[in-house]
Structures are given as C-alpha cells and as structure tokens.
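Trainee: Each residue of the sequence shown is one higher than the one before, counting from 13 in my numbering.
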Amino acid sequence: MKRSRSSSEGRAAGPPPKKRGLGATTSDVTLPFRGVRNNTSAYLPLDPKVNEIRYVAVDPGEGDAPLSGFLGYLELRGSQTHAPAISYQAVSYCWGEIKDTLGFTLRCARTKEATAKSSQEAWTAQLYQITRNLDALLRALRQPDKHRVLWIDAICIAQDNAVEKTHQVSSMGLVYSSASEVLVWLGEAD
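1) Does DSSP put T127 in a helix, in a strand, or in coil?
2) Nearest-angstrom Cα distance between P60 and N173?
3) For T52, collect the residues of the same chain with a Cβ closer than 8 Å to its Cβ; drop the 5 residues on either side in sequence, then sort them by chain order.
4) Thinking just about the alpha-carbon of each residue, which of L86, S131, V196, P57 is nearest to the one in N145?
5) What three-state label does DSSP hand G199 in the structure shown?
6) Select from S192, Y105, L118 the residue whose C-alpha is nearest the C-alpha of L139.
7) For H179, I'd like the list of residues in its chain whose CB is within less than 6 Å of its CB, leaving aside the five on either flank, ordered along the chain.
8) Please identify the residue among R66, V70, R49 whose C-alpha is closest to the C-alpha of D147.
9) Going residue by residue through the stretch 125-187, where are the continuous beta strand (DSSP E) segments of at least 3 residues, counting only ones entirely within it?
10) So does the stretch 145-165 actually touch the stretch 76-91, counting three or more Cβ pairs closer than 8 Å?
11) Could you have a look at V62 and say whether DSSP puts it in helix, strand or coil?
12) Taking the C-alpha atoms as reference points, what is the distance between C120 and V68?
13) Does DSSP classify F116 as helix, strand or coil?
14) Taking C-beta to C-beta, are L149 and L79 nearer than 7 Å?
15) Measuring alpha carbon to alpha carbon, tell me which of S189, P57, Q141, D165 ends up nearest Y105.
16) Can I110 and V187 be called in contact, C-beta distance under 7 Å?
17) If we call anything under 7 Å between Cβ atoms a contact, is V181 one with A102?
18) Pick from R89, E200, G185: whose alpha carbon is nearest that of L153?
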C-alpha cells in the first residue's frame, strides 16, 4: 500500500512558505539571524556603493594568551586587476556550536581612518563572544610578532543587522576573490 504525504507533513505549522522563482536574488531575501549574539553597535556602517567590508586584525600572541584584535575597513575594487589597499586572508570554516563560546577582546574604531598605531581614544573595546571552533582557528592562525589580517564572516559582518548581512552575503564572491588567500579551517587535528 502506497502512503502519500500531505504537503504540511514535516514542516512547522503556520502560513505556507513563499515560493521564489529562479529569478530571485539575494536582495529579495532577508536572511534570518543565526549566530552568537553580540552587540555590534560600535561597528561603523559599511558603504555598499563602494563594496566596503570590515576585516579583523588579530593581535600578536602565542599559546593561551588572551585573544584580541581590532576591526578595520576596506573598499574592494570589484576587479582582479585592482588589489585592495590592505592584503587580507578570507577564512571559510564551520561556526561550531553557537552556545559554546569564549571571549575575544575586539577593538572597534571610532572612525574608519583609525589604524593599529592610533591612540587608545580612537577605539571602543568590548568582549565579543566567539565559538570555541573560531577561538581554536584564531589561535592557530595568530602570529607571535605581527597582526594577522583576516576576513571572518562571524566577526566582520554585523550578524544582527539583516540589511547589512544580506548585502554582505551577496558580495561574498567578491570578498573571497579579492583576498590574498582563502583559508579553509576543518578544525583541530585529532
């Protein structure tokens, strides 16, 4: 005997999902929040007209020393022939369990012109929560004597801003193609 499934079986109650044609673009879709909740009010807004992104410069350190870094801002030119003003590595990884977090001291610039050499008054520092997997990744990539400049979606995109997140996700091809390298993190070795 053949059993047929009703169209509502296996999905949550509520209105049926909206159908999207093949012509739907990411600007037609609002991405839901998924991630560790952090206060991103100190993030300066990105200018989508110039393909602006944030990068995180991880402070030098070794071993179990606390993780810290700062956010910087960068315009992507949209062309392979025009390299970004700052070389960065884009990182692809599995976020990991979002309820298992550790602290990362993140300094957010009060102006987009701030650099690593700017005075303390140029920054707002906050304890940013990152997943244990991201903590392990940052510790593995951190250098002992200089900043490591990375683009990491969980930190560089204001995850609580649906409009920004939707625009940044639609620009990921440009973000990855403009990077000096793309690193893939599969986790710590067993």
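Glycine is no exception: its CB is placed at the ideal position from the N, C-alpha and C atoms.
Mentor: For this structure:
1) Stepping through the sequence shown from its first residue, residue 127 is reached at position 115. In the three-state scheme derived from DSSP, where H, G and I count as helix and E and B as strand, T127 is classed as coil.
2) On the sequence shown, residue 60 is found 48 positions in, with the first residue counted as 1. On the sequence shown, residue 173 is found 161 positions in, with the first residue counted as 1. Going by the C-alpha atoms only, they are around 14 Å apart.
3) Taking the sequence shown and counting its residues from 1, the one referred to as residue 52 is at position 40. The residues A170, Q171, D172, N173, in chain order, have a CB closer than 8 Å to that of T52 in the same chain once the five nearest residues on each side in sequence are set aside.
4) As a first step, residue 145 must be located in the sequence shown, where it is residue number 133. When L86, S131, V196, P57 are compared, the shortest CA-CA separation from N145 is found for V196.
5) Numbered from 1 along the sequence shown, position 187 holds the residue referred to as residue 199. Coil, per DSSP.
6) Locating residue 139 in the sequence shown gives position 127, counting from the first residue. Comparing alpha carbon positions, the residue from S192, Y105, L118 closest to L139 is L118.
7) Residue 179 sits at position 167 when you count from the first residue of the sequence shown. Cβ neighbours of H179 beyond the five flanking positions: P60.
8) Counting from 1 along the sequence shown, the entry for residue 147 is found at position 135. The option with the nearest alpha carbon to D147 is V70.
9) Runs of the beta strand (DSSP E) inside the stretch 125-187: 135-143, 160-163.
10) Cβ pair count under 8 Å is three or more, so yes.
11) Looking up residue 62 in the sequence shown gives position 50. Reduced to three states, the DSSP call for V62 is helix.
12) Numbered from 1 along the sequence shown, position 108 holds the residue referred to as residue 120. Numbered from 1 along the sequence shown, position 56 holds the residue referred to as residue 68. Near 10 Å, if we compare the C-alpha coordinates of V68 and C120.
13) The residue labelled residue 116 in the question sits at position 104 within the sequence shown. Note: F116 maps to strand in three-state DSSP.
14) Position 137 of the sequence shown, counting from 1, holds the residue named residue 149. Position 67 of the sequence shown, counting from 1, holds the residue named residue 79. No, they are not a contact pair.
15) Translated into positions along the sequence shown, residue 105 becomes position 93. If you compare the alpha carbons of S189, P57, Q141, D165 with that of Y105, the shortest gap goes to D165.
16) Your numbering for residue 110 matches position 98 in the sequence shown. Your numbering for residue 187 matches position 175 in the sequence shown. Not a contact, by the Cβ cut-off of 7 Å.
17) Along the sequence shown, one-based indexing puts residue 181 at 169. Along the sequence shown, one-based indexing puts residue 102 at 90. Their beta carbons are not under 7 Å apart, which means V181 does not touch A102 by this criterion.
18) Looking up residue 153 in the sequence shown gives position 141. When only C-alpha atoms are compared, the closest one is E200.
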